[in-house]
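These notes are about the structure you will find just below.
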Amino acid sequence: MSGALFHEQTARQRIAALADAGSFVELLPPPERITSPYLAQLGIPVSFDDGLVIGHAKIGGKKIYLAAQVGQFVGGAVGEIHGAKLTGLFKAAARDKLPCVLIIESGGVRLHEGSAGEIAIAETMRAIFECRALKVPTIAVIATDIGAYGGIGILSTCCDFRIMTEHGRLGISGPIVIEKWMGKKAYDSANRALVWKTSGGKTKYLLGDADALVHDTSEAVRDGIAKLLAKSSAVSLASVKARQKDLEKRLKRFGATEDPDAVWKSMGVRNIEAASLASGPEFAALAKRGK
Amino acid sequence: MEKFTKAFPSKPLPSKTAKPWALAGVVGSGNLEVMLERGGKPSDAMECHVETSIPGYKASWLAALADFAHHYPAGGAKVTIHDQGAPPVLVNLRLRQAYDHLTKGDK
Chain C
27 MSGALFHEQT ARQRIAALAD AGSFVELLPP PERITSPYLA QLGIPVSFDD
77 GLVIGHAKIG GKKIYLAAQV GQFVGGAVGE IHGAKLTGLF KAAARDKLPC
127 VLIIESGGVR LHEGSAGEIA IAETMRAIFE CRALKVPTIA VIATDIGAYG
177 GIGILSTCCD FRIMTEHGRL GISGPIVIEK WMGKKAYDSA NRALVWKTSG
227 GKTKYLLGDA DALVHDTSEA VRDGIAKLLA KSSAVSLASV KARQKDLEKR
277 LKRFGATEDP DAVWKSMGVR NIEAASLASG PEFAALAKRG K
Chain F
317 MEKFTKAFPS KPLPSKTAKP WALAGVVGSG NLEVMLERGG KPSDAMECHV
367 ETSIPGYKAS WLAALADFAH HYPAGGAKVT IHDQGAPPVL VNLRLRQAYD
417 HLTKGDK
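For the record, the sequence lines run as chains C and F.
Here the first sequence is numbered in my numbering, starting from 27 and rising by one per residue.
Here the second sequence is numbered in my numbering, starting from 317 and rising by one per residue.
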């Protein structure tokens, strides 16, 4: 599938395109039928992999743990099985000291099995911090409009790095949720330009929430991953305090801003229209990052 | 939710396939996932397990599956389907995709 747009591929195609040819070994593959015990009770069909493909593979000859969420299956949302697979993968990465890469496509916790999903997300975060304490690199890739929201949005920011494309979106509450709470005047979820300028890959890169903004192809995502595979840093009290200060500064600077263009301008983007039309890497070159 | 199991007469699968199992499609609105596995019991029948969120269309399912078993040598294959309201034409497409992946490999 080389050359295909990354956001149009399925989870399994993405894994096949990122991993060295034939190197991916799936853990708990579909024939094992580890499926959700809750969905069946609600009359909702289950999926063989519960919306998450996990395993180990090689990228550029380097062994890693690799997972991809299936966004079309209940929005890629995390239920008990999906969450247990996610937790186990990061725990295995910590145990074997191998980098862990997660291709995200999820609205967060699956409401049909909410408590189990919430607990699984918390356990996965703990496993990610275990990895980081051992300097095992953890990387999240966010490359589709389903994006990373809710618990998965938070989880993605626990990883060492986030690689995004211009199609990716990252946040806590999704656009429709914000509109429901704040009103259409405050936030119009049908306004795609507004939605992407507040939660899209370009803005997240400008603000420093995304560490790389790459082309929407598997080759570019793969290159992005390969560059970050060797790096990891532990979470310390000092690093958390520094991050908190940064976020306070950001809130002070942009908290009252109603126009997302003003955020772009203030972050050094001169020509808003050119930047809007630019591809991810072009945008990264156009904008001077986080001065 | 409706569930049923049925075997359909079919010529045996090729003795060698590219993989022991293959998957096509996804459980999403108007879509389905189909898994084909080697190792179904009689080698002259295609064993089918269907789970669908839309009850009342068993006759259409049986017709679509019988048609596939008739046109493709799928004896000894176990077919498991999780459906969320796919139209019959898509059922046929996913079966063919899974069959191609099983016999010839992915892509």
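Glycine included, C-beta positions come from ideal geometry on N, C-alpha and C.
Assign residue i to one of two classes, buried (16 or more other C-beta atoms within 10 Å of its C-beta) or exposed (fewer than that).
i, result
"G316(C)", "Residue placement at G316(C) is poorly supported in this model, since its pLDDT is 41, which falls under 50; the coordinates are not used for a value here."
"R188(C)", "buried"
"G176(C)", "buried"
"S225(C)", "buried"
"P71(C)", "buried"
"K117(C)", "buried"
"S359(F)", "exposed"
"T283(C)", "exposed"
"Q67(C)", "exposed"
"L418(F)", "buried"
"L10(C)", "Absent from the structure is residue 10(C), since the part of chain C shown begins at 27 and ends at 317."
"L303(C)", "exposed"
"V295(C)", "buried"
"H398(F)", "buried"
"A236(C)", "buried"
"L329(F)", "buried"
"S331(F)", "exposed"
"G391(F)", "buried"
"A246(C)", "buried"
"A120(C)", "buried"
"L181(C)", "buried"
"A256(C)", "exposed"
Leaving aside the five residues before and after residue i along the sequence, list all residues of the same chain whose C-beta is less than 7 Å from its C-beta, in chain order.
i, result
"L53(C)", "I80, G81"
"P307(C)", "L239, V240, H241"
"V342(F)", "E349"
"A310(C)", "Y231, L239"
"W377(F)", "V366"
"R410(F)", "A340, G341, L348, V350"
"K123(C)", "L160, V162"
"N408(F)", "A380, F384"
Can you name, in chain order, every residue of its own chain whose Cβ lies under 6 Å from the Cβ of residue i, other than the five neighbours on each side?
i, result
"L339(F)", "M351"
"T164(C)", "C126, I154, C157, C185, D186"
"N297(C)", "none"
"P286(C)", "K223, T224"
"Y213(C)", "I204, E205"
"L254(C)", "I165, F187"
"P404(F)", "S376, A380"
"A414(F)", "A338, A340, V350, L352"
"E299(C)", "none"
"A301(C)", "V295, F309, L312"
"M293(C)", "L232"
"R248(C)", "L44"
"G143(C)", "V104, G105, G109, V135, R136"
I'd like to know whether the C-beta atoms of residue i and residue j end up nearer to each other than 8 Å.
i, j, result
"V127(C)", "I90(C)", "yes"
"E106(C)", "S62(C)", "yes"
"H33(C)", "H138(C)", "no"
"L78(C)", "H108(C)", "yes"
"M317(F)", "P389(F)", "no"
"G134(C)", "V104(C)", "yes"
"T229(C)", "V162(C)", "no"
"G355(F)", "K394(F)", "yes"
"G102(C)", "S132(C)", "yes"
"A45(C)", "K88(C)", "no"
"I129(C)", "Q98(C)", "no"
"M190(C)", "A219(C)", "no"
"R152(C)", "D171(C)", "no"
"G346(F)", "S369(F)", "no"
"D75(C)", "P56(C)", "yes"
Excluding the five sequence neighbours on either side, which residues of its own chain have a C-beta within less than 8 Å of the C-beta of residue i, listed in chain order?
i, result
"M27(C)", "Note that M27(C) scores 42 on pLDDT, short of 50, meaning its location in the model is unreliable; the coordinates nonetheless yield the value given after this. Counting only Cβ-Cβ distances below 8 Å, and skipping sequence neighbours, we find Q35, Q39, A42, A43, S244."
"K374(F)", "E318, F320"
"S265(C)", "S259"
Practice task
Please determine if the segment 107 to 115 of chain C and the segment 130 to 149 of chain C are in contact, where contact requires at least 3 C-beta pairs separated by less than 8 Å.
Solution key: yes
Problem - Selection of the segment 67 to 95 of chain C by Cβ proximity to chain F, strictly under 8 Å - result: G69, I70, P71, V72, S73, F74
Handout entry: Within 8 Å of chain C by C-beta, residues of the segment 364 to 376 of chain F in sequence order
Key = E367, T368, S369
Exercise for the section: Quick one: which residues of the segment 94 to 121 of chain C get their C-beta closer than 7 Å to a C-beta of chain F? List them in chain order. Expected result: V96, Q98, F99
Practice task
Spell out a yes or no on whether the segment 267 to 280 of chain C and the segment 195 to 202 of chain C are touching, meaning 3 or more CB-CB pairs, one atom from each, closer than 8 Å.
Solution key: no
Handout entry: Proximal residues, the segment 154 to 170 of chain C versus chain F, C-beta separation under 8 Å
Key = none
Problem - Members of the segment 33 to 45 of chain C that neighbour chain F once the beta carbon cut-off is set at 9 Å - result: T36, A37, R38, Q39, A42
Handout entry: At least three beta-carbon pairs within less than 8 Å, the segment 351 to 363 of chain F to the segment 322 to 338 of chain F
Key = yes
Exercise for the section: Could you list the residues in the segment 342 to 360 of chain F with a C-beta less than 9 Å from some C-beta on chain C, going in chain order? Expected result: V342, V343, G344, S345, N347, L348, E349, M351, E353
Exercise for the section: Identify each residue in the segment 392 to 404 of chain F for which the Cβ-Cβ distance to at least one residue of chain C is less than 8 Å, and report them in chain order. Expected result: T396, H398, D399, Q400
Practice task
Note down, in chain order, all residues in the segment 48 to 65 of chain C with a beta-carbon under 7 Å from any beta-carbon belonging to chain F.
Solution key: P56, P57
Problem - Residues, ordered as in the chain, of the segment 323 to 342 of chain F that lie near chain C by beta-carbon distance below 7 Å - result: W337, L339, V342
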